[in-house]
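Participant: In the numbering used here, the protein residues as written are 930 to 1053.
Cβ atoms here follow ideal geometry from the backbone N, Cα and C, with glycine treated the same way.
These numbers were taken from a predicted model, which means no experiment stands behind them.
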Amino acid sequence: MSSHSASLDRTRENGHPVYTHGNAEDNYIEGYEPSSLGASHSSLLVTTTWVGMGLVMASLVGFGTMIWAAGQSLVGTGSVDHSPSLFLIIGAIIGFGLLIVGFGLIFSGRKGYKEYVRRSGRTQ
């Protein structure tokens, strides 16, 4: 029995083998560069990566609020009796806060891929 069949669970998920021992890349053909979503080291399978990307996009709300507040402070508030500097501060907190947390989650979600690169020596 080959090492491939020994580490391969007989149950199949979506028609693809499920590996229960070791790493799937131990059985890759030399020179094979996996790039599919289903690769065991893919960052796109990790929830924190997607939540982080969503938070980075949501940070645009804070930056939009900052731009709106800066425009109000330059042009004037008209008949509204609030200070645009409050909205500028709120927008900065929301924008930079979500941006920092989002990039932190993306970095955290990619740790499996970075470990795979260190383990296998691949650069892509």
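Should residue 1023 go down as buried or exposed, given a rule of 16 or more other Cβ atoms within 10 Å for buried?
Facilitator: buried
Participant: How far does the alpha helix (DSSP H) with residue 1031 in it extend, from its first residue to its last?
Facilitator: 1013-1038
Participant: Could you say if the stretch 1028-1042 and the stretch 973-988 meet the contact criterion of at least three C-beta pairs nearer than 8 Å?
Facilitator: yes
Participant: What's the gap between the Cα of residue 1016 and the Cα of residue 1037?
Facilitator: 31 Å
Participant: Below 8 Å on the Cβ atoms is my contact criterion, and I expect residue 975 with residue 1041 to pass it. Report the Cβ-Cβ distance as a whole number of Å.
Facilitator: 7 Å
Participant: Check residue 975 in the structure and name its three-state DSSP category.
Facilitator: coil
Participant: Name the residue from 971, 972 and 1021 whose alpha carbon lies nearest to the alpha carbon of residue 991.
Facilitator: Looking at the Cα atoms, 1021 is the closest of the given residues.
Participant: Is any beta-carbon of chain D found at less than 8 Å from that of residue 1006?
Facilitator: The structure shown has no chain D; it contains just one protein chain.
Participant: Take the Cβ of residue 1012 as the centre, count every other Cβ of all protein chains shown within 10 Å, and call the residue buried at 16 or more, exposed below.
Facilitator: exposed
Participant: Three-state secondary structure (DSSP) at residue 994?
Facilitator: helix
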